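Here the structure comes first, spelled out in structure tokens, and everything after it is commentary.
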Amino acid sequence: MKILRDCSLLGHNTFGIDVKAARLVELDSEGEVVDFLKTDAEDRASMLVVAGGSNLLFLADYPGTVLHVNIKGIEVVSQTDEWIDVRVGAGEVWDDFVAFAVANGWYGAENLSWIPGEVGASAVQNIGAYGVEAKDLILNVEVVDRKDASKRCFENVECKYAYRSSIFKGELKGRYLVTYVTYRLRKTPVWHLDYGNIRAILAEKQCPLTLENLRAAIIEIRDAKLPDPKVTGNAGSFFMNPVVAKELFDALKVQFPDMPCYPVSEDRVKVPAGWLIDRCGWKGKSLGRAGVHKNQALVLVNLGGATGEEIAALAREVATSVMQKFGIEISPEVNYIG
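In terms of this note's numbering, the sequence shown is residues 113 to 450.
Structure follows, in structure tokens:
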């Protein structure tokens, strides 16, 4: 266990916002999590849980305690001829786990390659990309209750997963610390190739369809569209793709014939937020030290020295433009802190 006072959070937010926490606590095992919650005397209500900070926007210094569950480890807990269940520590880097799965010939996580953040956050945020979401893989989520330090295991159905959401972001927000996530992966392939330009990249390279080649294609696509947060501060996709009534979409399609969508149900469709923002003319534009990425309008970036408030102000302007032009509300995927 490591406890630091008046500690910089630059290493815990990919936007590169230079803020501090009154106290930062690093917990390296489930036992440390339990012991800390049982013995720590400071106000638990003020504790903020962070991982890699790839989905956070700090608006100011954090006046309380920031907790980071840094549990490592990847282990196979059970398997059949078809499935393999892998238990992973919440502090493992998400893409390291994906790389590990691909190297071992386990299918399911490859489309989620190169997503920043840690394993614990994948279960909270229900991360997703290219036709796959974490919920499709998660078997269960192990947690420790911040109220009484008791341990509990949530089965997938109990997590109430939805688009970029879970029970841990909703009715139980802030109550539990994730310690381990168990994923069920396949030993035989089920490919998801119809999102983005995955097929085009594979065809261009004239390479066989393998786990390694699909992962490489996903990484190439993401690298072309998303800036490296180590170079340019960002949190990946800033806004969620809005789900709208098909009736509204059909009306807009008359005015904007090239508007794309993905069916969600008979009467609802998902519209790419990046397309909406791009059509509003924001790609490559900036407000002061905050900008919209030149290659992907869904990504807001720190152009150097921006504050969280500056990023948030840009987000409000972008959302207002989309509402005025299309009558569609877009909401941040990123969590505002402060």
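Backbone N, C-alpha and C define an ideal beta-carbon position, used for all residues, glycine too.
All figures in this text were calculated on a predicted structure; none of them were measured in a lab.
Segment limits, beta strand (DSSP E) that includes residue i
i	result
ALA402	402–404
VAL381	380–382
LYS114	114–120
GLY143	Premise fails: GLY143 lies in the alpha helix (DSSP H), 142–151, not in any beta strand (DSSP E).
ASN325	Per DSSP, ASN325 belongs to no beta strand (DSSP E); it is in the alpha helix (DSSP H), 323–337.
VAL214	Looking at the DSSP string, VAL214 is not in any beta strand (DSSP E); the run it does join, the alpha helix (DSSP H), is 206–215.
LYS263	263–267
ILE389	Not the beta strand (DSSP E): ILE389 falls in the alpha helix (DSSP H), residues 385–391.
Spatial neighbours of residue i in its chain, beta-carbon cut-off 7 Å, leaving aside the 5 residues before and after
i	result
LEU388	VAL434, PHE438, ILE440, ILE442
TYR448	LEU169, LEU171, ALA424
THR141	Strictly speaking, residue 141 in this sequence is Ser, with Thr absent from that position. So the qualifying residues of the chain are ILE183.
Close-in-space but distant-in-sequence residues of the same chain around residue i (CB under 6 Å, 5 per side omitted)
i	result
LYS263	VAL256
ARG199	GLU187, VAL189, TYR292, THR294
GLU254	CYS265, THR291, TYR292
VAL381	LYS358, PHE361, CYS373, PRO375
ALA133	CYS119, LEU121, TYR174, VAL178
Three-state secondary structure (DSSP) of residue i
i	result
LEU136	strand
VAL236	helix
THR294	strand
HIS124	helix
GLN191	strand
ILE313	helix
ARG199	strand
VAL178	strand
Supposed contact pair residue j and residue i - C-beta distance, whole angstroms, cut 8 Å
i	j	result
LEU136	CYS119	4 Å
VAL446	ASN238	No, VAL446 and ASN238 are not in contact; Cβ-Cβ is about 14 Å, not under 8 Å.
VAL411	VAL383	Incorrect: roughly 17 Å between the Cβ atoms, too far for contact.
Span separating the alpha-carbon of residue i from that of residue j
i	j	result
GLY345	LEU321	33 Å
ASP197	LYS247	14 Å
TYR307	GLU316	16 Å
LYS272	SER278	5 Å
GLY420	ILE129	6 Å
VAL302	GLY386	27 Å
HIS304	GLU154	47 Å
ASN216	VAL210	10 Å
TRP394	GLN367	20 Å
PHE350	GLN318	33 Å
LYS397	GLU194	49 Å
heavy atom of the ligand ZN below 7 Å from residue i C-beta
i	result
ARG401	For the structure depicted, the ligand ZN is absent and the ligand set is empty, with no information on it obtainable.
Beta carbon proximity, residue i to chain D, threshold 8 Å
i	result
TRP394	Absent here is chain D; the protein component of the structure consists of one chain.
Contact set for residue i: own chain, Cβ-Cβ below 8 Å, skip 5 residues either direction
i	result
GLY106	In this structure the chain extends from 113 to 450, so residue 106 is not present and cannot be described.
Terminal residues of the alpha helix (DSSP H) in which residue i lies
i	result
PHE438	420–438
ALA363	358–367
ARG258	Run containing ARG258: none; DSSP gives neither H nor E here.
ILE442	Counting along the chain, ILE442 falls outside any alpha helix (DSSP H), and DSSP gives it neither H nor E.
LEU160	Here LEU160 belongs to no alpha helix (DSSP H); instead the beta strand (DSSP E) covers 160–162.
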